[in-house]
Every structure is written in C-alpha cells, then in structure tokens.
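Chemist:
Residue numbers (my numbering): 18 to 369.
The following block contains the structure:
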C-alpha cells in the first residue's frame with residue numbers, strides 16, 4: 018500500500034513509526050487505499066437486457082411467485098430471503114425433498130457487478146442464465162419450461178405485464194416466453210444492492226464513521242492479511258475463482274469444467290463481503306460457522322495442496338489482529354432492508 022508523506026512534525030512521527038506515513042492528525046494517510054473502495058453511482062445493465070421499469074416490476078413479481086414451482090410450494094425467495102441479505106441461514110441450500118444441495122445459497126447482493134460467470138463453480142454463463150437451473154431442477158422448483166410458460170400465459174395479469182415489459186412483438190404472438198422470464202428476473206436481481214455502510218461513510222470522508230480497531234483491521238486487510246488480493250473493489254470481490262484451502266467434501270469447484278487445470282481444482286467463486294457479518298455460515302459449503310472460524314482458516318493457510326492459491330499462506334496473526342479484522346468487516350454491514358430492490362420502481366434506472 019502506498020502512503021502519503023507528510024512533512025514537519027508528522028515526518029518525525031513517521032520516523033518513529035518505522036517509515037509509515039501519517040496525516041496531520043496522527044492517523045496513517047489511507048486516502049489512496051480508501052479510494053479503491055468508493056461506491057459506484059449507477060447500476061450496470063447489459064445492452065441485450067436493458068433496464069425497463071416494467072420489466073423490473075415483472076421480475077419482482079416472478080421472484081416471489083410460487084406458480085413457477087411445480088408443486089407451488091417454492092419461490093426464488095425460498096432460498097434467497099430478502100430479510101437474510103438474499104441468502105438463507107443453512108450450510109447448504111435445501112432441496113424440495115428434504116435433502117440439501119451441494120453448495121451454500123449465494124447472496125444476490127450486488128450481482129449486477131459480478132462478471133459474466135456466476136455460481137460457486139462458475140456453471141452459469143450470465144445472470145439471465147442463473148434462473149434456468151433453479152426453475153427446472155428436479156430438486157428445486159422442478160418446473161418444465163413449457164409448463165412454466167403455460168401457467169403464466171393462462172393468467173391475464175401476467176400476459177398484460179409481459180406485454181408492458183416487452184413491447185417488442187413476440188415470435189409466436191405469445192408475450193410470455195422462457196427467455197423473457199429469465200430477462201425479467203435478472204433485471205430485478207440487478208436492483209438488489211447493499212446499502213451504504215459505516216465503511217462507505219469513512220470512504221466519503223467521515224473519519225468518525227468507524228472505530229480505531231476497524232481502521233487497524235482495514236490496514237491488515239490490505240496489508241499483512243492480504244485479504245484484498247481477492248476481496249477487492251467496492252463489492253469486495255474480484256469475481257474470480259480461487260482455492261483458499263477449504264473443503265474436503267469432494268466438490269472440486271471450477272476444476273469441474275477444467276479437469277486438467279491444477280490451479281482451478283477446488284477453486285470457488287470469491288463472494289462479496291458486503292453485509293458479511295450478518296451472513297453466516299461461510300464458504301461454498303457452509304462449513305465455517307463464524308467469521309472467527311474463517312479468519313482462523315486463513316491464518317493457518319488452509320489445506321496445503323498443489324491447487325492452493327499463491328495468496329494463501331500462514332499469516333501468524335495475533336489475537337488482537339484477528340479481532341481488528343472482524344471489527345473492520347462489521348463496518349461493511351448496511352442499516353438493513355434498503356436499496357432499489359425494496360423501493361417502488363420509477364421510470365429512470367435506480368441508483369445504488
């Protein structure tokens with residue numbers, strides 16, 4: 018991390034601190050580092066599924082619509098619960114037969130900023146494609162696409178909503194199509210944005226927004242602990258896949274699609290850290306119950322194996338340093354239910 022040099026009395030303090038530059042108030046000058054985490058000013062939408070208010074409202078309705086499941090007993094919100102930061106509290110997502118799926122339910126927070134590949138192992142190519150598997154999977158909503166279209170087409174309110182959301186003529190005259198269902202759901206999901214947190218207020222210049230322990234944790238996050246190597250940017254994720262040395266359940270992550278790649282074996286998607294302190298359990302398999310468990314994993318360097326990321330190594334953190342890291346991550350919690358997904362849709366694209 019680059020630190021700004023400050024002359025005069027602060028220069029003497031810099032020498033005493035072993036070269037760490039400080040601002041005039043005695044604090045390290047973190048302005049350059051904080052600038053890397055500034056919130057965006059607009060939600061991105063792809064050109065081939067541009068924002069339209071009616072489409073977002075249709076997607077909102079479909080997200081909570083039990084008709085989209087074969088037995089009418091599940092919705093997207095069954096696993097992606099708004100009041101639980103758009104995930105659930107299970108180590109692994111529940112199936113409709115009482116069992117559990119392979120992975121933890123990922124949060125939908127800030128999915129608009131994720132690269133085109135989604136899912137813990139990257140099996141979804143684009144957000145529009147994400148809905149297809151949960152809707153049709155036998156263990157989930159178990160809905161054949163043609164039956165899903167038939168049910169919605171039989172409801173005059175949905176037919177009108179699809180016409181309003183997609184004014185372009187439909188190929189066969191029916192405004193309800195599988196592709197449009199996916200596009201509407203994706204449009205709504207791009208509105209699921211984490212709210213401003215104490216950390217954001219600190220980034221914007223309020224030095225009192227976070228405490229001293231959290232500030233030390235931020236320095237560790239970007240320094241000794243090296244968390245920022247993967248949890249980068251305002252959304253605290255590089256959107257990529259890494260083996261962080263966790264899991265012995267047989268799941269091989271991204272290596273499922275690249276079996277010859279050593280680096281991608283056991284590599285899973287880097288999750289956002291927004292609201293992370295409210296979203297236990299952790300990791301792709303929900304195997305770690307607390308943030309303390311997560312930090313302990315990274316502190317010991319996880320499982321030493323050929324695929325383990327080069328950024329993962331024993332850290333030798335002190336108890337105080339571990340506590341400071343947790344204090345920092347707690348500043349990423351917003352104030353609760355807020356943001357575009359909770360607000361009435363207007364005619365202009367909503368902002369985060």
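For every residue, glycine included, the Cβ atom is placed at its ideal position computed from N, Cα and C.
1. By alpha-carbon positions, which one of 160, 114, 77 ends up nearest to residue 84?
2. For residue 117, which residues of its own chain have a beta-carbon under 8 angstroms away from its beta-carbon, when the five flanking residues on both sides are left out?
3. If you count every other CB in all the chains shown that lies within 10 Å of the CB of residue 351, and 16 or more means buried, which is it?
4. Please say whether residue 284 and residue 272 have beta carbons closer to each other than 8 angstroms?
5. Please state the DSSP three-state secondary structure of residue 135.
6. Measure the Cβ-Cβ separation of residue 330 and residue 318 and say whether it is below 8 angstroms.
7. Nearest-angstrom Cα distance between residue 75 and residue 279?
8. Would you kindly work out how many angstroms separate the C-alpha atoms of residue 82 and residue 162, rounded to a whole number?
9. Which of the three DSSP states is assigned to residue 359 in this structure?
10. Let me know the secondary structure DSSP gives residue 142 once reduced to three states.
11. Below 8 angstroms, can you find three or more Cβ-Cβ pairs linking the stretch 227 to 234 to the stretch 176 to 194?
12. Go ahead and pull the three-state DSSP assignment for residue 299.
13. Starting from residue 284, follow its DSSP beta bridges and name the residues at the other end.
14. Between the alpha carbons of residue 357 and residue 203, how many angstroms are there, rounded?
Modeler: By the coordinates alone:
1. For the purposes of this step, residue 84 is identified with residue 67 of the chain shown, where counting begins at 1. That would be 160, whose Cα lies nearest to the Cα of residue 84.
2. Residue mapping note: residue 117 aligns to position 100 of the chain shown, counting from 1. Spatial neighbours of residue 117 in its own chain (CB-CB distance under 8 angstroms, excluding positions within 5 residues in sequence) are listed in chain order as 107, 108, 109, 110, 111.
3. Within the chain shown, residue 351 is the residue found at index 334, counting from 1. Buried, by the Cβ-count rule.
4. Stepping through the chain shown from its first residue, residue 272 is reached at position 255. Stepping through the chain shown from its first residue, residue 284 is reached at position 267. Closer than 8 angstroms, so yes.
5. Numbered from its first residue, the chain shown carries residue 135 at position 118. Strand at residue 135.
6. Residue 330 sits at position 313 when you count from the first residue of the chain shown. Residue 318 sits at position 301 when you count from the first residue of the chain shown. Yes. Within cutoff.
7. For the purposes of this step, residue 75 is taken as the residue at position 58 of the chain shown. For the purposes of this step, residue 279 is taken as the residue at position 262 of the chain shown. The straight-line gap from Cα to Cα measures roughly 43 angstroms.
8. For the purposes of this step, residue 82 is taken as residue 65 along the chain shown, with counting starting at 1. For the purposes of this step, residue 162 is taken as residue 145 along the chain shown, with counting starting at 1. Rounded to the nearest angstrom, the two C-alpha atoms are 15 angstroms apart.
9. Against the chain shown, residue 359 aligns to sequence position 342. The answer is helix: DSSP assigns residue 359 an H, G or I state.
10. Start at 1 with the first residue of the chain shown, and residue 142 comes out as number 125. Three-state result, residue 142: strand.
11. no
12. Reading the chain shown from its first residue, position 282 is the one you call residue 299. Residue 299: strand per DSSP, three-state reduction.
13. Working through the chain shown from its first residue, we reach residue 284 at position 267. DSSP lists 270 as partners of residue 284.
14. Your numbering for residue 357 matches position 340 in the chain shown. Your numbering for residue 203 matches position 186 in the chain shown. Approximately 14 angstroms, taken between the alpha carbons.
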